[in-house]
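Residue numbers (the numbering used here): 219 to 373.
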């Protein structure tokens, strides 16, 4: 066993990698229906943007520019209201909301509904590395199985 200086910090002892998936706190979007969860997610997105200094009036203006359609502050507020069942945000405006706020969590909420995740594009190569590793392991298992069968057959 190697001697360690108890006064020297090990940089990796407490290292925990950051989860690349950004998601809402489940408490913030928990609801009985998907429609209400979406409204709560929009509200959480707007609240986060507001805390960062981006108000709903500005979000509405940016959504108007981004979508090319008029979006008012009242409409933005309606998207965030569980009581306004007739005003669930459309997919196009949801993309716009994520674009103008820089918050992809709304899409993570949708992706999780069918077993997927949303990760930053910079991790795409690592996802493919994982897929290749799975394929390599499967090929290796098939190779070993066939090799045993061939040896067992006296070939």
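Glycine included, every Cβ here is placed at the ideal spot set by N, Cα and C. It should be emphasised that the depicted structure is a prediction, and the values quoted were computed from it without experimental measurement.
Query	Result
Span of the alpha helix (DSSP H), counted from its first residue to its last, around residue 267	252-269
Inter-residue Cα distance where the pair is residue 348 and residue 272	38 angstroms
Segment contact flag, the region 229-242 with the region 327-335, C-beta cutoff 8 angstroms, min 3 pairs	yes
Residue 268 to residue 274 span [Cα, whole Å]	7 angstroms
Span of the alpha helix (DSSP H), counted from its first residue to its last, around residue 309	309-319
Exposure label - residue 314; buried when at least 16 CB within 10 Å	buried
8 angstroms contact criterion, which residue 318 and residue 281 should meet: CB distance rounded	6 angstroms
Three-way DSSP call (helix, strand, coil) for residue 305 in this model	helix
Local conformation of residue 229 per DSSP, three classes	coil
Beta-carbon separation (whole angstroms), residue 261 vs residue 298, contact threshold 8 angstroms	4 angstroms
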